[in-house]
Amino acid sequence: MTTRTVQSGGSVTIPCSYSDPGIPDEDVRVIWRETDKEYCSSAAAEDTIISSSGNVTEKYKGRLYREKDPNRNRTEYITITGLEPTDGPRFCCQLYDIRYGNVFKNSRRGTLLQFPGTEYITQLDEVMAVSREEVIIPCYYSKDISDITKVTWYFADRERHYCTHTPIHEWSNARQYGWYSLVKFNQDVSLRIRNIHVNDQRGYCCVISTARATLKSEQFTRLVVAEYQSSFNLPTNEISLQEGKSVILFCSYTLPSDRYTERDVVRVNVYWRVGNITGPYAYHPYQDMVHSTYRHRTSITGMTNLMINDVTKADNTSFHCFVVVKLCEGNNQDEDKIQYGGGTRLIIK
């Protein structure tokens, strides 16, 4: 499941991706529904906001737009403008078989909108790391963080999409527990993990307690770990250009084995790190994670390639690409595979 923090009157874009539906693509339509329940399976026909024929319900007419992803099959998005607190709050895409007139696949928990004024915690759905480095898994609380009296981080149950499966540790102060600690209790309850190992690749979930309530995140973070290789720090490409120009750095990936085809790809996330393979992010799927030097100055083109605008002398360094491919394993299960996509050295004249 994914959460989106939104503002009344603002807009949001919600993705839907699916792999091999098991029937011919020409017989598949994506329909969208909203629900105030926890699971998308609770959304009924009367909750449909975009029908199989593309009709938009009256509530969203003039402020809901749908588009296909130009770079990937079986991926589309809806954008809702003029957001209202009565929208959703949970949006679900479903696969509809036009031959038999029925929904045959549901997203499990869809995308949940979270409006200001409500009390909640939220996490990123994915964080990448390279083995041996220190990583921080963010946990954001919507109210005054000084009200928190206790924080518990859990390993998440991936198959059941369940947060409170196995506890890592419970904190009521700033002390460290093994490899784990909070960034700063009563200021930032994000989880810090030292000396990451590939075995740390799993789901993580944050639960906080205040005098008023105990809250758990509606989505957990999947940590994806690349095995460290010293060769990664040696860029294979070199580009020279003048200060103030723009440049595109190339990154490539392949599917991890013959077992998979492009039909199995649910999502591709790309990460660009600067200076070395554990350096700050020149590009990250979540803008808040991008280093301030590169925020709003970088973008992705052609799915994985990095565009840097208005290069400066500070860009006279190396850039390294990692690609995380989410692959369908069937029955609402997926697997994340990470690979190094190459490095480029920039020489700014």
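Just so you know, the UniProt record's numbering puts 120 at position 120 of the sequence shown, and the rest follows in order with no gaps. Even glycine gets a Cβ: it sits at the ideal position worked out from N, Cα and C.
When burial is assigned at 16 or more other CB atoms within 10 Å of the CB, is residue i buried or exposed?
{"i": "N269", "result": "buried"}
{"i": "P70", "result": "exposed"}
{"i": "D144", "result": "exposed"}
{"i": "T221", "result": "buried"}
{"i": "E329", "result": "exposed"}
{"i": "F104", "result": "exposed"}
{"i": "Y162", "result": "exposed"}
{"i": "R90", "result": "buried"}
{"i": "Y177", "result": "exposed"}
{"i": "E84", "result": "exposed"}
{"i": "D87", "result": "buried"}
{"i": "E67", "result": "exposed"}
{"i": "R132", "result": "exposed"}
{"i": "E126", "result": "buried"}
{"i": "P24", "result": "exposed"}
{"i": "R267", "result": "buried"}
Between which two residues does the beta strand (DSSP E) containing residue i stretch?
{"i": "D336", "result": "333–348"}
{"i": "N305", "result": "305–308"}
{"i": "F115", "result": "No beta strand (DSSP E) contains F115, which DSSP labels as neither H nor E."}
{"i": "S299", "result": "298–301"}
{"i": "C206", "result": "203–209"}
{"i": "V224", "result": "221–226"}
{"i": "T149", "result": "Unbroken run through T149: none, as it is neither H nor E."}
{"i": "K245", "result": "First-last for K245: undefined, no H or E at that position."}
{"i": "K105", "result": "102–106"}
{"i": "E126", "result": "126–130"}
{"i": "Y180", "result": "180–184"}
{"i": "T214", "result": "214–216"}
{"i": "S292", "result": "Where S292 is concerned, there is no enclosing beta strand (DSSP E), given that its DSSP letter is neither H nor E."}
{"i": "L191", "result": "188–193"}
{"i": "K135", "result": "For the sequence presented, residue 135 should be read as Val rather than Lys. Per DSSP, V135 belongs to the beta strand (DSSP E) from 135–137."}
Please determine, among the options, the residue with the shortest C-alpha to C-alpha distance to residue i.
{"i": "N186", "options": "I168, R194, T210", "result": "T210"}
{"i": "V12", "options": "R29, I78, A45", "result": "I78"}
{"i": "V207", "options": "N199, P21, K68, L182", "result": "L182"}
{"i": "Q287", "options": "R297, C328, G279", "result": "R297"}
{"i": "D336", "options": "I308, M128, C93", "result": "M128"}
{"i": "I148", "options": "T122, D188, D20", "result": "D188"}
{"i": "Y340", "options": "H197, L234, L112", "result": "L234"}
{"i": "V151", "options": "H169, E134, V135", "result": "H169"}
{"i": "N106", "options": "Q123, S53, R29, K59", "result": "R29"}
{"i": "D258", "options": "G275, L327, Q242, N173", "result": "L327"}
{"i": "V135", "options": "M289, L241, G343, K313", "result": "M289"}
{"i": "D157", "options": "S190, Q201, G117", "result": "Q201"}
{"i": "P116", "options": "G275, E243, G9, L255", "result": "G9"}
{"i": "R99", "options": "S230, D125, S52", "result": "S52"}
{"i": "T2", "options": "Y283, R108, G101", "result": "R108"}
Just to confirm before moving on: does the CB-CB distance between residue i and residue j stay below 8 Å?
{"i": "I348", "j": "D310", "result": "no"}
{"i": "C92", "j": "T57", "result": "no"}
{"i": "W171", "j": "R194", "result": "no"}
{"i": "F232", "j": "W272", "result": "no"}
{"i": "M307", "j": "S246", "result": "yes"}
{"i": "Y253", "j": "V323", "result": "yes"}
{"i": "L249", "j": "T312", "result": "no"}
{"i": "R265", "j": "H291", "result": "Note on identity: in this sequence residue 265 is Val, with Arg being the wrong assignment. No."}
{"i": "R192", "j": "L113", "result": "no"}
{"i": "A226", "j": "I137", "result": "no"}
{"i": "T111", "j": "I14", "result": "yes"}
Could you pull out every unbroken beta strand (DSSP E) segment of at least 3 residues lying fully inside the UniProt domain "Ig-like" (1–95), listed in chain order? DSSP runs (the beta strand (DSSP E)) wholly in the UniProt domain "Ig-like" (1–95): 2–5, 12–17, 28–35, 48–50, 64–68, 75–80.
What residue ranges within the segment 250–287 form continuous alpha helix (DSSP H) runs of no fewer than 4 residues, ordered along the chain? Runs found: none.
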